[in-house]
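First up is the structure itself, then whatever we jot down about it.
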Amino acid sequence: MTSYSPEQTIRKTNTLDDFWMPFTANRQYKAKPRLLERAEGMYFTSDDGRKILDGTAGLWCCNAGHGRREITEAVSKQIAKLDFAPTFQMGHPLPFELASRLAEIAPAGLNKIFFTNSGSESADTALKIALAYQRAIGQSSRTRLIGRELGYHGVGFGGISVGGMVNNRRAFPLQLPGVDHLPHTLDIARNAFSVGLPEFGVEKADELERLVTLHGAENIAAVIVEPMSGSAGVILPPVGYLQRLREITRKHGILLIFDEVITGFGRVGNAFAAQRWGVTPDIITTAKGLTNGAIPMGAVFVDERIHDAFMQGPDGIELFHGYTYSGHPVACAAALASLDIYQQEGLFSKAIELESYWQQALFSLRELPNVLDIRATGLVGAVQLAANSRGPGQRGYQVFEQCFYNDLMVRVTGDTIAMSPPLIVEKHHIDSLIDKLADAIRQAH
Ligand SMILES: Cc1ncc(COP(=O)(O)O)c(C=O)c1O
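Residue numbers (UniProt numbering): 1 to 445.
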């Protein structure tokens with residue numbers, strides 16, 4: 001490890017005053033910045049020249065690692081050929097080609113693809129499609145949406161309404177009406193240190209029956225959940241839980257939406273968590289790994305029966321929804337190149353191949369001080385630490401910061417450290433990640 005020097009970082013950069021940073025403690029960061037200047041393969045390079053092991057695939061998005069030449073070339077070629085073309089009442093070939101490629105890897109039936117620019121837009125798009133679909137089939141009273149505690153569906157008003165991370169909602173009281181939430185599935189008392197999916201908690205899906213009784217099935221349009229809650233700290237679905245949600249939603253004519261913005265494109269094995277865990281929802285939302293993080297883009301995978309319901313009735317615009325950049329040519333080029341890499345390098349099965357090595361490596365941290373729980377599946381995992389006496393989140397932040405000094409990038413949510421390395425990760429990277437993290441956990445107090 002080379003030595004870290006915040007002073008040097010500050011001197012080299014401008015005052016950092018004018019960028020209002022997202023989801024960041026701006027004053028804390030600007031007093032002690034962490035700047036990444038380059039990236040290649042499994043590593044970032046910081047502005048003080050250190051190679052930082054990427055333990056988080058950027059922000060859960062660079063699944064094929066950084067600096068992929070194939071993507072750079074595809075993007076450069078595309079921007080020179082067609083920088084932009086509208087997709088409202090016009091078209092260009094790329095989104096059609098990309099949609100067909102995506103339909104090939106999607107769970108059966110989810111072959112109608114709507115393009116967005118982010119996970120937040122994908123979530124809002126899915127909710128709007130669900131509401132409009134219920135109307136289109138004559139079920140206009142189905143206007144309620146159900147999310148889940150600790151869920152994260154981005155930052156649009158739809159997403160924060162169905163989401164369940166308290167800080168993301170608290171300052172914005174004006175949210176969608178008619179939303180209710182399922183309980184979250186984090187249950188450390190019963191499931192701590194589960195290897196793979198936790199054994200206990202399938203009954204939490206039965207809460208949906210309670211909400212159906214409370215609100216009336218005829219008033220509920222859709223349920224949205226992440227198959228695995230990523231942002232809240234890698235909360236895994238209990239065995240049988242997703243299946244139960246599927247049974248209940250199907251029984252009551254409620255659409256089931258999986259938000260796979262993190263789990264999509266290989267994170268837990270297979271292309272989608274829906275395939276890994278054998279449950280097919282009606283709609284899947286994605287973003288992030290779709291373009292390997294290189295260009296902003298999202299995609300919503302919709303069951304053809306939902307799509308087809310919109311294609312009845314008089315000719316005309318079927319869905320009054322879309323973004324200027326839906327199906328942007330440069331983003332499509334990045335996505336097509338990313339898909340090529342994922343498929344040529346077999347990255348959708350990498351998370352299954354390395355899963356047991358990854359789990360064993362993470363579970364080796366079990367005896368370290370203050371470790372309350374470890375959760376891991378595919379190539380994603382989390383270590384939940386006990387809060388220290390200075391308050392919730394303080395120890396977690398300390399570990400996160402120390403990891404950076406140890407040349408490792410992780411994510412922190414409260415006192416939970418989350419990791420999701422690029423799927424090109426090798427065993428020696430995993431070993432190094434664990435060493436650096438263990439050192440940071442030992443140093444935290
Ligand atoms: C499950 C999920 N949905 C939606 C989003 C929002 O995506 P974006 O930040 O691209 O809007 C995220 C981002 O982390 C996510 O994890």
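For each residue, glycine too, the CB sits at the ideal point set by N, CA and C.
Bridge partner(s) assigned by DSSP for residue i
| i | result |
| --- | --- |
| Asp259 | Thr285 |
| Gly391 | Asn388 |
| Val383 | Ile374, Ile417 |
| Leu245 | According to DSSP, which records beta bridges pairwise, Leu245 is partnered with nothing at all. |
| Met409 | Asp54 |
| Thr116 | Gly298 |
| Ser141 | None, per the DSSP bridge assignment. |
| Glu40 | Tyr43 |
| Ile235 | Ser229 |
| His153 | Paired residues: none, contrary to the question. |
| His321 | DSSP, once it has assigned bridges, lists no residue as partnering His321. |
| His66 | Gly41 |
Nearest neighbour of residue i, chosen from the options [CA to CA]
| i | options | result |
| --- | --- | --- |
| Ala108 | Glu149, Phe200, Ala331, Val302 | Val302 |
| Phe96 | Gln344, Lys427, Asp407, Ser326 | Ser326 |
| residue 452 | Leu102, Asn111, Tyr152 | Residue coverage of the chain in this structure runs from 1 to 445, which leaves residue 452 outside it and unanswerable. |
| Ile424 | Ile374, Ile434, Asn292 | Asn292 |
| Leu372 | Val212, Leu336, Ala189, Gly253 | Ala189 |
| Ser122 | Cys61, His92, Leu385, Gly154 | Gly154 |
| Thr24 | Leu365, Asn168, Leu368, Gln384 | Asn168 |
| Glu247 | Val223, Ala337, Ile137, Phe88 | Val223 |
| Asp282 | Lys288, Phe272, Leu290, Leu256 | Leu256 |
| Ser231 | His184, Leu336, Phe114 | His184 |
| Phe88 | Glu209, Ser120, Phe114, Glu104 | Phe114 |
| Leu290 | Val166, Phe84, Ala99 | Ala99 |
| Leu236 | Gly216, Ala376, Ala294, Ile105 | Ala376 |
Contact set for residue i: own chain, Cβ-Cβ below 6 Å, skip 5 residues either direction
| i | result |
| --- | --- |
| Gln394 | Asn388 |
| His321 | Lys128 |
| Arg11 | At Arg11, the pLDDT of 47 sits below 50, so the modelled position is not reliable and the matter cannot be decided from this model. |
| Met409 | Ile52, Asp54, Gly55, Thr56 |
| Ala126 | Ile257, Ile283, Thr285, Val300 |
The alpha helix (DSSP H) enclosing residue i, as first and last residue numbers
| i | result |
| --- | --- |
| Leu59 | 57–60 |
| Asp439 | 427–443 |
| Gly298 | No alpha helix (DSSP H) holds Gly298; the beta strand (DSSP E) holding it covers 298–302. |
| Ala31 | 26–31 |
| Tyr357 | 355–363 |
| Thr213 | 207–215 |
| Val166 | 166–170 |
| Phe96 | 93–105 |
| Asp340 | 329–344 |
| Val162 | 157–162 |
| Ala80 | 69–81 |
| Ile424 | That residue, Ile424, is in no alpha helix (DSSP H); it is neither H nor E in DSSP. |
| Arg267 | No alpha helix (DSSP H) holds Arg267; DSSP gives it neither H nor E. |
| Asn191 | 188–191 |
| Arg34 | No alpha helix (DSSP H) holds Arg34; DSSP gives it neither H nor E. |
| Ala274 | 273–276 |
Cut-off 8 Å between Cβ atoms - residues of its own chain near residue i, not counting five sequence neighbours on either side
| i | result |
| --- | --- |
| Ser140 | Gln134 |
| Tyr397 | Val412 |
| Thr193 | Contrary to the premise, residue 193 reads as Phe rather than Thr in this sequence. Within the same chain, Phe193 has close Cβ partners Phe363, Arg366, Asp373, Ile374. |
Residue span of the beta strand (DSSP E) that contains residue i, given as start and end
| i | result |
| --- | --- |
| residue 464 | Here the chain covers residues 1 to 445 and nothing more, so residue 464 does not appear. |
| Tyr43 | 43–46 |
| Ala222 | 220–225 |
| Asp17 | Here Asp17 belongs to no beta strand (DSSP E), and DSSP marks it neither H nor E. |
| Val179 | 179–182 |
Nonlocal neighbours in the same chain, by C-beta distance under 7 Å from residue i, ignoring five residues either side
| i | result |
| --- | --- |
| Phe172 | Ile160 |
| Leu16 | Lys30, Pro33 |
| Ile430 | Tyr357, Trp358, Ala361 |
| Met21 | Tyr29 |
| Ser420 | Thr56, Ala57, Trp60, Arg267, Leu379, Val380 |
| Glu426 | none |
Heavy atom of ligand 2 within 8 Å of residue i beta-carbon
| i | result |
| --- | --- |
| His153 | No copy of ligand 2 occurs in the structure displayed; its ligands are ligand 1 alone. |
- Below 8 Å, can you find three or more Cβ-Cβ pairs linking the stretch 178–197 to the stretch 135–150? yes
- Query: Any chance the stretch 194–209 sits against the stretch 235–246, with 3 or more Cβ pairs inside 8 Å?
  - Reply: yes
- Query: Is the stretch 157–164 touching the stretch 346–365 in the sense that three or more CB pairs, one from each, lie closer than 8 Å?
  - Reply: no
- Touching by the beta-carbon criterion (3+ pairs, under 8 Å), the stretch 326–335 and the stretch 69–76: yes
- Item | Cβ contact check for the stretch 428–443 and the stretch 398–405: 3 or more pairs under 8 Å | yes
- Message: When you compare the stretch 253–269 with the stretch 378–386, are there three or more beta-carbon pairs, one atom per stretch, that lie closer than 8 Å?
- Response: yes
- Item | Three CB pairs or more closer than 8 Å across the stretch 302–311 and the stretch 60–71 | no
- Task: Please confirm if the stretch 36–56 is in contact with the stretch 312–320, defined as three or more CB-CB distances below 8 Å between the two stretches.
- Result: no
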